[in-house]
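Engineer: Add 12 to the 1-based position in the sequence shown for the numbering used here, that's all there is to it. Glycine included, C-beta positions come from ideal geometry on N, C-alpha and C. What follows is a structure written as structure tokens; I'll ask about it next.
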Amino acid sequence: MSFEGTSLKWSKYEKFVSEFGKWAWILGILSGIINLIWGLYTIITLASLPSGLGIYAMDASIWLILSGIFAILISYLIIKPKFSEKCAIQDWSFLLENWIILLGNFRFPWMLFWGIIMCIFGYGWGGIPILIPSILLLFAGPIKFEWSTKG
Numbered sequence: 013m014s015f016e017g018t019s020l021k022w023s024k025y026e027k028f029v030s031e032f033g034k035w036a037w038i039l040g041i042l043s044g045i046i047n048l049i050w051g052l053y054t055i056i057t058l059a060s061l062p063s064g065l066g067i068y069a070m071d072a073s074i075w076l077i078l079s080g081i082f083a084i085l086i087s088y089l090i091i092k093p094k095f096s097e098k099c100a101i102q103d104w105s106f107l108l109e110n111w112i113i114l115l116g117n118f119r120f121p122w123m124l125f126w127g128i129i130m131c132i133f134g135y136g137w138g139g140i141p142i143l144i145p146s147i148l149l150l151f152a153g154p155i156k157f158e159w160s161t162k163g
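Encoded structure:
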């Protein structure tokens, strides 16, 4: 989809944003699988320590398992249909105009919100494939993103 006033800057980034965004959900699932496996491995390792000392150190392992499950679910249920598929078909109007959280007069893009959430649950790299295309779309995209509503 092309927009009036598409910047020359955007023409350099459009293919990258489309391709990188298209694969964001798979990288999110990969992040979740790694967290899940690492969490299970550390629980098994800690549980084998003598005298049950490992039981007290399982908090991080449980967090890894929960964050892994969360990252997998979010990637498949939200990132794939709402972000990755839209990037693949270059539906920038959906991402920049329709997929928005309205907080009074402030417009906040869902793609940025989910990128931050995936960074938290994916230990940084789980959300990077969402954040990089999102930031490029917001600040160098085909249309100027309006952070506030008119009036």
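(1) Going along the chain, which residues of its own chain have a beta-carbon closer than 6 Å to the beta-carbon of F120, five neighbours each way excluded?
(2) In its own chain, which residues sit with a C-beta less than 6 Å from the C-beta of L115, not counting the 5 before and 5 after it?
(3) At 3 residues or longer, what runs of the beta strand (DSSP E) sit wholly inside the segment 27–99?
(4) By DSSP, does F10 sit in helix, in strand, or in coil?
(5) So which of W137, P141, W50, N110 has the shortest CA-CA distance to Y70?
(6) Classify I101 as helix, strand or coil using the three-state DSSP reduction.
(7) If contacts are defined as beta-carbon pairs under 8 Å, then M123 and F82 qualify, I think. What distance do you get, rounded to the angstrom?
(8) Considering L115, what are the terminal residues of the beta strand (DSSP E) in which it resides?
(9) On a CA-only basis, which of I147, C99, D103, I86 is nearest M130? Give me that one, please.
(10) Between L143 and L39, what straight-line distance do the alpha-carbon atoms span, to the nearest angstrom?
(11) Assign E26 to one of two classes, buried (16 or more other C-beta atoms within 10 Å of its C-beta) or exposed (fewer than that).
(12) Taking 8 Å as the cut-off, decide whether the C-beta atoms of Y88 and I41 are in contact.
(13) Applying the criterion that 16 or more other CB atoms from any shown protein chain within 10 Å of the CB defines a buried residue, is G127 buried or exposed?
Structural biologist: On the basis of the data shown:
(1) One-based indexing of the sequence shown puts residue 120 at position 108. Closer than 6 Å at Cβ, skipping near neighbours: I113.
(2) Here residue 115 corresponds to residue number 103 of the sequence shown, with the count starting at 1. Result list for L115: empty, nothing under 6 Å.
(3) none
(4) No answer is possible for residue 10: the residues shown for the chain start at 13 and end at 163.
(5) The residue labelled residue 70 in the question sits at position 58 within the sequence shown. Here the sequence assigns Met to residue 70, which means Tyr is not the residue at that position. Nearest option by C-alpha distance: W50.
(6) As a first step, residue 101 is located in the sequence shown; it is residue number 89 there, counting from the start. I101 falls in the coil class under three-state DSSP.
(7) The residue you call residue 123 lines up with position 111 of the sequence shown. The residue you call residue 82 lines up with position 70 of the sequence shown. Wrong, their Cβ atoms sit about 18 Å apart, outside the cutoff.
(8) Your numbering for residue 115 matches position 103 in the sequence shown. Taken as a continuous stretch (DSSP letters only), the beta strand (DSSP E) holding L115 covers 112–115.
(9) Start at 1 with the first residue of the sequence shown, and residue 130 comes out as number 118. Comparing Cα-Cα distances from M130 to each of I147, C99, D103, I86, the minimum goes to I86.
(10) Translated into the one-based positions of the sequence shown, residue 143 becomes position 131. Translated into the one-based positions of the sequence shown, residue 39 becomes position 27. Each residue's alpha carbon lies about 12 Å from the other.
(11) On the sequence shown, residue 26 is found 14 positions in, with the first residue counted as 1. Buried is the call here.
(12) Position 76 of the sequence shown holds residue 88. Position 29 of the sequence shown holds residue 41. Cβ distance < 8 Å, so Y88 and I41 count as in contact.
(13) Your numbering for residue 127 matches position 115 in the sequence shown. Around the beta carbon of G127, a 10 Å sphere encloses 16 or more other beta carbons of the protein chains shown; the residue is thus reported as buried.
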